[in-house]
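Residue numbers (the numbering used here), protein chains in the order written: chain A, 1 to 416; chain B, 1001 to 1611.
Even glycine gets a Cβ: it sits at the ideal position worked out from N, Cα and C.
Working notes, structure below.
As structure tokens, then:
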């Protein structure tokens, strides 16, 4: 049973089945990405002043990635052209080049662009005074250069203070408005005065709780035998598990959060009841990923898990040669802390969704290309050259669409 | 339609054609009946699954109707089962709780639309009949066809499983509006979203398949204007699915991210739930969800109805022994309907505070879209004139479809106008309207299709007696269920009230003008409607028995074309083997050459050459 027009095109439509099919599929993809683009427009237009982030994307890297994809689109056509001429080796060469470009694109996104965002934070404060103090302290360190004084027209704005001006003109305006205007000024003033202004930067280190883990008691409710319960205690480093189980006591005098929590989890499963308390704080130098408000505020026996963070403030690109000024922020003052992840704001939400879905399409394309390069797919070439070439042509159409989506995405997300 | 008889015939027929299939080999049970790429098997798989879920969805509402008629009373027979299966939290002592009512309500809608009608009307009949009607050996992409079914099946599994997770299934309506759908803490909504993504994927794959098949695999001589109207209807339906579903897929992804990754696509700033601020960024728009949802869901209702129109056209032409009147108008109308379907969606959103300009636009397009629907209905009505009508079971259902769909369509008009929709929105009037179009509408067309094509699929005819019993009982009870709902809606009864409006009525006892107190008559209708619903459920039992019994014991057909029809599906052996046709198919005529003057018989098949 042979399905007609699988390889040879149908005379009146001029299309073979797969080509028609892929065009129809692309029509549905236009609707899919179109819906996401429309959502982007609606969300951006509806965003209140000072809430839609701009200028956070590395335009050079994005443009580079755009070139990579455009090149890959060229390569995929060259691969097909070689195939139509019967040159399998030529096809493989250009197809591997396409795969290489696709992998490079994804690596740039997944290893460089996205991770650097996951390490970047915005912090909002409960108290306006604390916000002002941190701005003055932090930006005071960079705002005082002659260059900045001139740029900020210190004389005219003396009443406002250089650090505040720096925060507004050098950081806030570029972030939310592109250019200084009445709108940006009034939005900043409002945010400054009602304390809703966020500080952005990196976490350079933090003081995390050192925890004492005490065993309160044990019951056999969890269905664990005494011997097994003792074993569990021993695994957590207890010297005399039997005694500890019967009488309670301190398991770990002072340990880090992860060890304490793991012990709590494992021992609770074994039927123990524990009490964790904070006995001190230890400074850790680290650049963590994905922290949220709950993480820094997490309560352990009435004390926070993280006492303070050393926060390196963002500076304007003109001041890159200065190292990022650091302020110590106490978590008790933090109203909200969030890395630049989807949850951060609708801007990041839609950014990750659209680029993520696009990346998923690139990834899917890589899988299909590998299939068509490895013996499993090449079997079709040896069976029916024209059918194989058609398959590659259909894929090329898909790949061009994926490239086209990126060509729309790049200016919209990176430049506008 | 049990697999056994059909299977033996297929296997026998397949062996006969062994030499014609270069890569055919004896496939085991699993590849032949379960993971089959044959469009007929896939069509039957969709049919069984679709009908099963239609029944399941009906059972859900039957239980809900008990709560509406006798709120607080344990459901007889079923109540203890509910409590055992779902726990005393939601079904204490066999009584349906308000929460369970919401779960069943949301799932009734979802199941009926996406797991009942679309697979049964579009996918089942489409897969089985369309390749046959265009003279093709199979769909253009058989493996994608199989993938489409199994994606659908997994989606159904996910939806069904969601009933049994802690917290139960989705409960924010089949419309899953944010913020409610996002803030519900249990996982039912998440399962719903994942299930929807699988179901949408299935429909997209299927849509591509149908379109390529119809465009590229038509037999020689089968020009566009010689296509049976059923194929035109499926063609437009496939376009609707292809282009309208992706925005809902996008919306589903966004809502899934709202739930799982705590984004705020649809959550506004300053959202407070149970007295506490929700810990999200805000800045989102609940309206965005509504736009994205209804952008699909309006074309979706045409997806539900168009295959039914196609089936009715086939059955009417065949049983009046004359061509359908106005074939060109029907085709033009269905194409225009397809286009207009995309620009009316916000008539589901009149109450969201939209401005007068936008509202005027959508009212205009909504009224415009009634025109092609009326044209189609009128053509089908006129087709009866001068016909030599055979009142067999499929024809009875097709005939009843006409006024039922007419009532549904006409009652939609007050909803299409903004000013009257103010009074009627979210009331039982809306429920009555849309159920008339899909329940006696689409479902009657599905029944007509089942009775009509059963002989081709099985080689036997379903019992005519029990068919009539099924028809008359369904028709009567259907109207007893939905006609009174118009009155309830106009009296002000709102949708989605688990106690049938009792509390709502008590809350405004004197304010009859503002739709407050619901009179005893109106409230009393809850009981009669519920009773009619249970009777309707029972009325399906003869149909189910008939369906299975007739495979073995139904009257055998005397020819491959027992209805003496003109379209190509009747040119195959019965049931059609793998590869469908045993002779070369060329088309020489229009699809409905019945009672051609001077012809020997009162029908001339499309594939019959000119004399």
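Output the distance between the C-alpha atoms of residue 1353 (chain B) and residue 203 (chain A), rounded to the nearest integer angstrom. For the purposes of this step, residue 1353 (chain B) is taken as the residue at position 353 of the second chain. For the purposes of this step, residue 203 (chain A) is taken as the residue at position 203 of the first chain. Their backbone Cα atoms lie some 44 Å apart in a straight line.
Own chain partners of residue 83 (chain A) with C-beta closer than 6 Å, once the 5 adjacent residues on each side are dropped: Within the first chain, numbered from 1, the residue matching residue 83 (chain A) stands at position 83. Apart from sequence neighbours up to five positions away, the residues of its chain that approach residue 83 (chain A) with a beta-carbon distance below 6 Å are 91, 389, 392, ordered along the chain.
If you measure between the beta carbons of residue 1050 (chain B) and residue 1127 (chain B), is that distance less than 9 Å? In the second chain, the residue the question calls residue 1050 (chain B) occupies position 50. In the second chain, the residue the question calls residue 1127 (chain B) occupies position 127. A distance of 9 Å or more separates the beta carbons of residue 1050 (chain B) and residue 1127 (chain B).
First through last residue of the alpha helix (DSSP H) which encompasses residue 201 (chain A): Here the question's residue 201 (chain A) lines up with position 201 in the first chain. No alpha helix (DSSP H) holds residue 201 (chain A); the beta strand (DSSP E) holding it covers 199 to 218.
Using a Cβ cut-off of 9 Å, which residues of the region 339 to 350 of chain A contact any Cβ in chain B, in chain order? Those would be 341, 342, 343, 344, 345, 346, 347, 348, 349, 350, in chain order.
Kindly list the residues whose CB is nearer than 7 Å to the CB of residue 106 (chain A), restricted to its own chain and excluding five residues on each side of it in sequence; keep chain order. Against the first chain, residue 106 (chain A) aligns to sequence position 106. Excluding residues within five positions, the ones whose Cβ falls inside 7 Å are 359, 362, 363.
Three-state secondary structure (DSSP) of residue 1276 (chain B): Within the second chain, numbered from 1, the residue matching residue 1276 (chain B) stands at position 276. DSSP places residue 1276 (chain B) in strand when its eight states are reduced to three.
Taking 9 Å as the threshold (beta carbon to beta carbon), is residue 48 (chain A) in contact with chain B? In the first chain, the residue the question calls residue 48 (chain A) occupies position 48. By the rule that beta-carbons nearer than 9 Å mark a contact, residue 48 (chain A) touches chain B.
Taking residue 1403 (chain B) as the reference, give the member of B:1419, B:1373, B:1390 with the closest Cα. As a first step, residue 1403 (chain B) is located in the second chain; it is residue number 403 there, counting from the start. That would be B:1373, whose Cα lies nearest to the Cα of residue 1403 (chain B).
Taking only the alpha-carbon atoms, compute the straight-line gap between residue 1418 (chain B) and residue 1411 (chain B) and give it to the nearest angstrom. Position 418 of the second chain holds residue 1418 (chain B). Position 411 of the second chain holds residue 1411 (chain B). One C-alpha to the other measures close to 14 Å.
Could you name the residues of chain B that residue 107 (chain A) contacts, counting a contact when the two beta carbons are closer than 9 Å? Stepping through the first chain from its first residue, residue 107 (chain A) is reached at position 107. Within chain B, no residue comes near residue 107 (chain A); the closest Cβ sits about 23 Å away, beyond 9 Å.
CA-to-CA distance, residue 1149 (chain B) to residue 1460 (chain B), given in whole angstroms: Along the second chain, one-based indexing puts residue 1460 (chain B) at 460. Along the second chain, one-based indexing puts residue 1149 (chain B) at 149. Each residue's Cα considered, the two are about 26 Å apart.
Going by DSSP, which residues form a beta bridge with residue 280 (chain A)? Indexing the first chain from 1 puts residue 280 (chain A) at position 280. Residue 280 (chain A) pairs with A:210.
At a Cβ threshold of 9 Å, is residue 1272 (chain B) touching chain A? Position 272 of the second chain holds residue 1272 (chain B). No, residue 1272 (chain B) does not count as interfacial toward chain A.
Taking the DSSP output, what are the residues bridged to residue 326 (chain A)? Taking the first chain and counting its residues from 1, the one referred to as residue 326 (chain A) is at position 326. Answer by DSSP bridge pairing, in chain order: A:312.
Between the region 1476 to 1491 of chain B and the region 1543 to 1555 of chain B, do three or more beta carbon pairs fall short of 8 Å? Judged by pairs of C-beta atoms under 8 Å, the region 1476 to 1491 of chain B does not touch the region 1543 to 1555 of chain B, as fewer than three such pairs exist.
Between the region 1496 to 1505 of chain B and the region 1060 to 1068 of chain B, are three or more C-beta pairs nearer than 8 Å? By the Cβ rule, the region 1496 to 1505 of chain B counts as touching the region 1060 to 1068 of chain B, because three or more pairs are nearer than 8 Å.
For the region 78 to 112 of chain A, which residues have a beta carbon sitting closer than 7 Å to at least one beta carbon of chain B? Against chain B - using a Cβ distance shorter than 7 Å - the region 78 to 112 of chain A contributes no residues.
Classification of residue 1583 (chain B) by the beta-carbon crowding that lies within 10 angstroms, buried from 16 upward: Here residue 1583 (chain B) refers to the residue found at position 583 of the second chain. Under this definition residue 1583 (chain B) is an exposed residue.
Write down the C-beta distance between residue 1085 (chain B) and residue 1094 (chain B) rounded to the nearest angstrom, noting that I regard them as a contact closer than 8 Å. Here residue 1085 (chain B) refers to the residue found at position 85 when the second chain is read from its first residue. Here residue 1094 (chain B) refers to the residue found at position 94 when the second chain is read from its first residue. About 11 Å separates the two Cβ atoms, so there is no contact after all.
Less than 9 Å between CB atoms is the rule here; does residue 2 (chain A) satisfy it with respect to chain B? Here residue 2 (chain A) refers to the residue found at position 2 of the first chain. Yes, because at least one Cβ of chain B sits closer than 9 Å to the Cβ of residue 2 (chain A).
For residue 1377 (chain B), count neighbouring Cβ atoms within 10 angstroms of its own Cβ and tell me buried if that reaches 16, exposed if not. Counting from one through the second chain, the residue named residue 1377 (chain B) turns up at place 377. So residue 1377 (chain B) counts as buried.
Could you tell me how far apart the beta carbons of residue 1130 (chain B) and residue 1231 (chain B) are, in whole angstroms, since I believe they sit closer than 8 Å? Along the second chain, one-based indexing puts residue 1130 (chain B) at 130. Along the second chain, one-based indexing puts residue 1231 (chain B) at 231. Taking a contact as a CB-CB distance under 8 Å, the pair residue 1130 (chain B) and residue 1231 (chain B) counts as one, their CB atoms being some 6 Å apart.
Compare the C-beta of residue 1122 (chain B) with all C-beta atoms of chain A and state if any pair is closer than 9 Å. The sequence position of residue 1122 (chain B) within the second chain is 122, counting from 1. Answer no: the Cβ-Cβ gap between residue 1122 (chain B) and chain A never drops below 9 Å.
Can you give me the Cβ contacts of residue 1114 (chain B) inside the same chain, cut-off strictly under 7 Å, excluding the 5 residues immediately before and after it? Here the question's residue 1114 (chain B) lines up with position 114 in the second chain. Around residue 1114 (chain B), the same chain offers 1199 as residues with beta carbons nearer than 7 Å, after the five sequence neighbours per side are excluded.
Do we get a CB-CB distance below 9 Å when we pair residue 34 (chain A) with the residues of chain B? Working through the first chain from its first residue, we reach residue 34 (chain A) at position 34. At a cut-off of 9 Å, the C-beta of residue 34 (chain A) has a neighbouring C-beta in chain B.
If you draw a straight line from the alpha carbon of residue 1046 (chain B) to that of residue 1099 (chain B), how long is it in whole angstroms? Taking the second chain and counting its residues from 1, the one referred to as residue 1046 (chain B) is at position 46. Taking the second chain and counting its residues from 1, the one referred to as residue 1099 (chain B) is at position 99. Here the alpha carbon of residue 1046 (chain B) sits roughly 31 Å from the alpha carbon of residue 1099 (chain B).
In this structure, what does DSSP give as the bridge partners for residue 120 (chain A)? Taking the first chain and counting its residues from 1, one reaches residue 120 (chain A) at position 120. DSSP output for residue 120 (chain A) lists A:202 as bridge partner(s).
Residue 1247 (chain B) touches chain A at which residues, Cβ-Cβ below 7 Å? The residue you call residue 1247 (chain B) lines up with position 247 of the second chain. The contacting residues are 31, 35.
Can the beta-carbon of residue 1357 (chain B) be found closer than 9 Å to that of residue 1449 (chain B)? As a first step, residue 1357 (chain B) must be located in the second chain, where it is residue number 357. As a first step, residue 1449 (chain B) must be located in the second chain, where it is residue number 449. For residue 1357 (chain B) and residue 1449 (chain B), no; Cβs fall outside 9 Å.
Three or more C-beta pairs closer than 8 Å, one from the region 32 to 51 of chain A and one from the region 329 to 337 of chain A: is that the case here? No: fewer than three Cβ pairs fall under 8 Å.
Could you name the residues of the region 1283 to 1295 of chain B whose beta carbon sits closer than 9 Å to any beta carbon of chain E, in the order they occur along the chain? You won't find chain E in this structure, because its protein chains are A and B.
Proximity test, Cβ basis, 9 Å: residue 436 (chain A) and chain B: Only positions 1 to 416 of chain A appear in this structure, which leaves residue 436 (chain A) out of reach.
Considering only their Cβ atoms, is the gap separating residue 1435 (chain B) from residue 1543 (chain B) smaller than 9 Å? The count along the second chain starts at 1 and reaches residue 1543 (chain B) at position 543. The count along the second chain starts at 1 and reaches residue 1435 (chain B) at position 435. No, Cβ-Cβ distance for residue 1543 (chain B) and residue 1435 (chain B) is not below 9 Å.
At a CB-CB cut-off below 7 Å, which residues of chain B make contact with residue 27 (chain A)? Position 27 of the first chain, counted from the first residue, corresponds to residue 27 (chain A). Against chain B, a Cβ distance below 7 Å from residue 27 (chain A) picks out 1242, 1243.
Would you check if the distance between the CB atom of residue 1603 (chain B) and the CB atom of residue 1595 (chain B) is smaller than 9 Å? For this step, residue 1603 (chain B) is matched to residue 603 along the second chain. For this step, residue 1595 (chain B) is matched to residue 595 along the second chain. In contact: residue 1603 (chain B) and residue 1595 (chain B) (Cβ atoms closer than 9 Å).
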